[in-house]
Amino acid sequence: MYHFQGVTLRRATPEEAKNLYQLITEDERWAKFNGPYF
0 MYHFQGVTLR RATPEEAKNL YQLITEDERW AKFNGPYF
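Here you go:
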């Protein structure tokens with residue numbers, strides 16, 4: 000986990016990965032500039 004200024008980041012669980020991937024890549028235009036590189 001990573002903590003910075005009151006925000007905590009953690010690795011997604013395998014159960015969350017599919018939904019997270021869909022959320023990130025749903026808007027192709029947004030993902031082009033802001034999404035991770037898969």
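In terms of numbering that gives the first Met the number 0, the sequence shown opens at residue 0 and continues consecutively.
Quick reminder that beta carbons are idealized off the backbone N, C-alpha and C, glycines included.
- DSSP places Thr12 in the coil class of the three-state scheme, outside both helix and strand.
- Under DSSP, Thr7 forms a beta bridge with His2.
- Sequence-distant partners of Thr7 (beyond 5 residues in either direction) whose C-beta falls short of 8 angstroms from its own C-beta, in its chain, are Met0 and Tyr1.
- Inclusion of Ile23 and Ala16 in the CB contact set at 8 angstroms is not warranted, their separation being larger than that value.
- In the displayed model, Glu25 falls within coil according to three-state DSSP, outside both helix and strand.
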